[in-house]
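Reviewing the structure listed below.
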Amino acid sequence: MNGEQDSKAAAAPLPAEADVVIIGGGVVGVSAALFLAERGIATVLCEKGRIAGEQSSRNWGWIRKMGRDARELPLMIESARLWGRLAPQLGEEIGYGVRGATYLAETEAELAPHIAWLDQVKSFQLDTTLLSAAEAARLLGRDDRRFEGALHTPSDATAEPALAVPALARYAARRGATILENCAVRLVERSAGKVTSVVTERGEIACKTVILAGGVWSRTFLENLGLSFPQLAVKSSVLRTTPAPEITPGALGATRASVRRRLDGGYTIARSGAAEFQLIPAAFRHFGAFLPILRSRWRIMTIKAGPDFFGPLGSTRWKADETSPFERVRVFDPVPDRRLLDDVMESARKLHPQLAEVKPVQTWGGMIDVMPDEIPVIDTPPGWDGLLVATGLSGHGFGIGPGVGLLAAQLVAGEAPLIDPAPFAWSRFTRRNAA
Ligand SMILES: Cc1cc2nc3c(=O)[nH]c(=O)nc-3n(C[C@H](O)[C@H](O)[C@H](O)COP(=O)(O)OP(=O)(O)OC[C@H]3O[C@@H](n4cnc5c(N)ncnc54)[C@H](O)[C@@H]3O)c2cc1C
Numbered sequence: 004m005n006g007e008q009d010s011k012a013a014a015a016p017l018p019a020e021a022d023v024v025i026i027g028g029g030v031v032g033v034s035a036a037l038f039l040a041e042r043g044i045a046t047v048l049c050e051k052g053r054i055a056g057e058q059s060s061r062n063w064g065w066i067r068k069m070g071r072d073a074r075e076l077p078l079m080i081e082s083a084r085l086w087g088r089l090a091p092q093l094g095e096e097i098g099y100g101v102r103g104a105t106y107l108a109e110t111e112a113e114l115a116p117h118i119a120w121l122d123q124v125k126s127f128q129l130d131t132t133l134l135s136a137a138e139a140a141r142l143l144g145r146d147d148r149r150f151e152g153a154l155h156t157p158s159d160a161t162a163e164p165a166l167a168v169p170a171l172a173r174y175a176a177r178r179g180a181t182i183l184e185n186c187a188v189r190l191v192e193r194s195a196g197k198v199t200s201v202v203t204e205r206g207e208i209a210c211k212t213v214i215l216a217g218g219v220w221s222r223t224f225l226e227n228l229g230l231s232f233p234q235l236a237v238k239s240s241v242l243r244t245t246p247a248p249e250i251t252p253g254a255l256g257a258t259r260a261s262v263r264r265r266l267d268g269g270y271t272i273a274r275s276g277a278a279e280f281q282l283i284p285a286a287f288r289h290f291g292a293f294l295p296i297l298r299s300r301w302r303i304m305t306i307k308a309g310p311d312f313f314g315p316l317g318s319t320r321w322k323a324d325e326t327s328p329f330e331r332v333r334v335f336d337p338v339p340d341r342r343l344l345d346d347v348m349e350s351a352r353k354l355h356p357q358l359a360e361v362k363p364v365q366t367w368g369g370m371i372d373v374m375p376d377e378i379p380v381i382d383t384p385p386g387w388d389g390l391l392v393a394t395g396l397s398g399h400g401f402g403i404g405p406g407v408g409l410l411a412a413q414l415v416a417g418e419a420p421l422i423d424p425a426p427f428a429w430s431r432f433t434r435r436n437a438a
């Protein structure tokens with residue numbers, strides 16, 4: 004939210020009670036607020052900093068079904084429909100368009116996992132196809148055979164995250180949700196195993212239902228309630244460029260550089276999977292669970308020890324009347340990896356002649372929350388009736404965010420859910436989660 008909206012959201016009085024309190028103003032929290040407000044349910048969303056200040060404005064802006072884990076595809080298919088329905092209703096430009104997404108492969112080895120994925124998901128009858136070298140060249144408007152082939156999904160979409168999520172929040176507010184910025188939730192209170200209120204830095208809100216959509220902070224929040232949650236953080240770096248000629252209107256992935264054409268005519272560029280694993284105390288507690296990810300990504304993932312160890316995501320405990328880590332870090336703004344981004348920019352120029360002259364104009368970092376199996380948790384922890392955890396979108400939550408928000412809203416409203424939520428169960432990691 005910006006300007007006037009911003010100060011209104013910060014200055015709004017704290018309601019004494021609500022049907023549902025949502026913790027976190029990213030794409031999940033904001034979407035849940037919208038769908039609850041549409042149902043006439045009194046909803047207050049508390050965001051510690053500003054709406055979409057963290058992952059939800061820092062992402063690449065891909066809204067894709069392609070390449071998804073089959074367990075989350077049903078929810079993603081619904082989410083894609085939601086984006087299509089919501090975008091024209093928002094009354095604001097969010098850069099949304101069904102422009103297609105393509106994974107380019109330079110070698111047969113790069114093409115192989117795409118072929119395997121296509122085989123795994125054939126029952127979903129997606130419009131994804133495998134392009135030959137000639138077809139890939141045609142798509143890119145070039146006559147060489149730089150690429151061995153590609154995976155292409157015409158129905159995938161893109162949008163401008165920094166515009167889209169604040170616009171969704173304003174729409175939710177117009178539908179009746181109360182959106183509070185600069186309002187950290189310190190903890191959730193319960194009595195006899197049932198939620199009774201949240202304690203914010205500005206006072207208490209009585210409520211029987213809470214949705215925790217805290218992104219990378221969710222583990223810290225839950226640990227303070229006595230709940231162990233295997234969610235870790237990886238830092239990713241991104242750049243945007245000066246305007247350049249169009250390659251294709253959609254999103255283009257490749258091993259060394261993935262690019263998306265922006266509303267302003269520039270490109271958002273980054274390297275898929277090139278992330279920095281944050282070595283924090285929780286990393287040791289959950290190391291075993293994350294070993295498979297570390298093993299499969301060791302070539303492109305770096306492990307970072309250092310100041311972050313005792314930093315905001317480090318293990319801390321606090322009480323309702325004490326300042327929480329969420330007030331200390333209003334907006335997590337990690338320093339991007341400049342050396343990596345120089346290399347990514349150079350790779351993008353080599354991959355696409357249209358980018359030969361572009362210059363980077365902005366770089367940024369984003370801290371991504373990751374679960375061991377890289378799909379979300381959308382469930383209630385044992386012993387916490389009324390608390391729904393909706394987090395762990397593991398680096399691909401912008402696209403699926405509205406679907407996760409709708410599912411969360413349906414679960415707390417007691418409606419039949421749009422998809423079977425079983426893959427997102429809390430219990431899938433450990434039976435030892437209860438406090
Ligand atoms: C560099 C990068 C590229 C990505 N690219 C893509 C992409 O192309 N496509 C895609 O689908 N996904 C992508 N993602 C992933 C996607 O951005 C995230 O999965 C998604 O935004 C997560 O949304 P969220 O609402 O769960 O969390 P967030 O957006 O992180 O929001 C959580 C919010 O909760 C707030 N909060 C936390 N604790 C508290 C508290 N106690 N009180 C109040 N507020 C609190 C935080 O301040 C934050 O604003 C990318 C992510 C990054 C970083």
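Heads up: the sequence shown begins at 4 in the numbering used here, then just goes up one per residue. Here a beta-carbon is modelled for each residue, glycine too, at the ideal position from N, C-alpha and C.
Given a cut-off of 8 Å, decide if residue j and residue i are closer than it, judged by their beta-carbon atoms.
{"i": "alanine 175", "j": "valine 33", "result": "yes"}
{"i": "glycine 398", "j": "methionine 374", "result": "no"}
{"i": "leucine 133", "j": "lysine 68", "result": "no"}
{"i": "cysteine 49", "j": "valine 23", "result": "no"}
{"i": "threonine 105", "j": "leucine 142", "result": "yes"}
{"i": "leucine 230", "j": "valine 191", "result": "no"}
{"i": "proline 405", "j": "leucine 154", "result": "no"}
{"i": "glutamate 96", "j": "isoleucine 422", "result": "no"}
{"i": "glycine 100", "j": "aspartate 159", "result": "no"}
{"i": "methionine 370", "j": "alanine 236", "result": "yes"}
{"i": "isoleucine 306", "j": "proline 169", "result": "no"}
{"i": "glycine 52", "j": "valine 334", "result": "yes"}
{"i": "leucine 242", "j": "glutamine 92", "result": "no"}
What residues in its chain sit with their C-beta under 8 Å from that of residue i, if we drop five residues either side in the sequence?
{"i": "leucine 343", "result": "Ser240, Arg274, Ala277"}
{"i": "isoleucine 381", "result": "Leu391, Val392, Ala393, Val407, Leu410, Ala411, Leu414, Pro424, Phe427"}
{"i": "glycine 98", "result": "Gly64, Thr161, Ala162, Glu163, Leu166, Ala167, Arg265, Leu266"}
Using CA atoms only, rank isn't needed, just tell me which of the options is closest to residue i.
{"i": "isoleucine 26", "options": "Ala187, Ala15, Lys353, Pro164", "result": "Ala187"}
{"i": "leucine 358", "options": "Thr244, Thr326, Phe280", "result": "Thr244"}
{"i": "tryptophan 429", "options": "Gly386, Glu418, Phe401, Gly404", "result": "Gly386"}
{"i": "leucine 225", "options": "Gly94, Ala83, Ala108, Gly317", "result": "Gly317"}
{"i": "phenylalanine 280", "options": "Thr271, Phe290, Ile272", "result": "Phe290"}
{"i": "glutamate 330", "options": "Phe287, Glu204, Gly389, Lys322", "result": "Glu204"}
{"i": "alanine 286", "options": "Arg222, Pro339, Glu325", "result": "Arg222"}
{"i": "alanine 40", "options": "Glu111, Ala21, Thr110", "result": "Ala21"}
{"i": "valine 361", "options": "Gly389, Ile272, Thr319, Pro246", "result": "Pro246"}
{"i": "proline 339", "options": "Trp367, Gly29, Glu184, Gln123", "result": "Trp367"}
{"i": "alanine 19", "options": "Ala419, Val201, Arg71", "result": "Val201"}
{"i": "lysine 353", "options": "Trp220, Val364, Asp336, Ala257", "result": "Ala257"}
{"i": "serine 59", "options": "Asp345, Asp372, Gly389", "result": "Asp372"}
{"i": "lysine 322", "options": "Ala180, Arg189, Glu184", "result": "Arg189"}
{"i": "glutamate 207", "options": "Gly217, Arg193, Gln123", "result": "Arg193"}
Please indicate yes or no: does the CB of residue i lie closer than 7 Å to some heavy atom of ligand 1?
{"i": "alanine 394", "result": "According to the sequence as given, residue 394 is threonine; it is not alanine. Yes, the beta carbon of threonine 394 sits closer than 7 Å to at least one heavy atom of ligand 1."}
{"i": "histidine 155", "result": "no"}
{"i": "cysteine 210", "result": "no"}
{"i": "phenylalanine 280", "result": "no"}
{"i": "tryptophan 65", "result": "yes"}
{"i": "glycine 43", "result": "no"}
{"i": "leucine 50", "result": "It should be noted that the sequence gives glutamate, not leucine, for residue 50. Indeed, a heavy atom of ligand 1 lies less than 7 Å from the Cβ."}
{"i": "tryptophan 321", "result": "no"}
{"i": "glutamine 58", "result": "yes"}
{"i": "tryptophan 429", "result": "no"}
Which same chain residues, not among the five before or five after residue i, have their C-beta less than 6 Å away from its C-beta?
{"i": "proline 315", "result": "Pro328, Val332"}
{"i": "alanine 416", "result": "Arg42"}
{"i": "asparagine 5", "result": "Confidence at asparagine 5 is low in this model, with a pLDDT of 47, below 50, so the placement of that residue should be treated as unreliable; the coordinate-derived value is given next. Answer for asparagine 5: no residue qualifies."}
{"i": "isoleucine 182", "result": "Ala12, Leu48, Ala172, Ala176"}
{"i": "isoleucine 214", "result": "Ile25, Ala35, Leu391, Ala393, Ala411"}
{"i": "glutamate 75", "result": "Ile378"}
{"i": "glycine 268", "result": "Pro246"}
{"i": "arginine 431", "result": "none"}
{"i": "proline 363", "result": "Leu242, Thr244, Met348"}
From the DSSP output, in three-state form, read off residue i for me.
{"i": "glycine 389", "result": "coil"}
{"i": "phenylalanine 335", "result": "coil"}
{"i": "aspartate 382", "result": "strand"}
{"i": "phenylalanine 280", "result": "strand"}
{"i": "tryptophan 220", "result": "helix"}
{"i": "alanine 416", "result": "helix"}
{"i": "tryptophan 367", "result": "strand"}
{"i": "aspartate 372", "result": "strand"}
{"i": "alanine 15", "result": "coil"}
Can you name, in chain order, every residue of its own chain whose Cβ lies under 7 Å from the Cβ of residue i, other than the five neighbours on each side?
{"i": "serine 350", "result": "Arg259, Ala260"}
{"i": "alanine 136", "result": "Arg148, Phe150, Glu151, Gly152"}
{"i": "asparagine 62", "result": "Pro164, Gly369, Phe401"}
{"i": "isoleucine 403", "result": "Glu75, Leu78, Met79, Ser82, Leu396"}
{"i": "valine 124", "result": "Ala73, Leu76"}
Indicate, with yes or no, if ligand 2 has a heavy atom lying under 7 Å from the CB of residue i.
{"i": "asparagine 62", "result": "This structure simply doesn't include ligand 2; it includes ligand 1 instead."}
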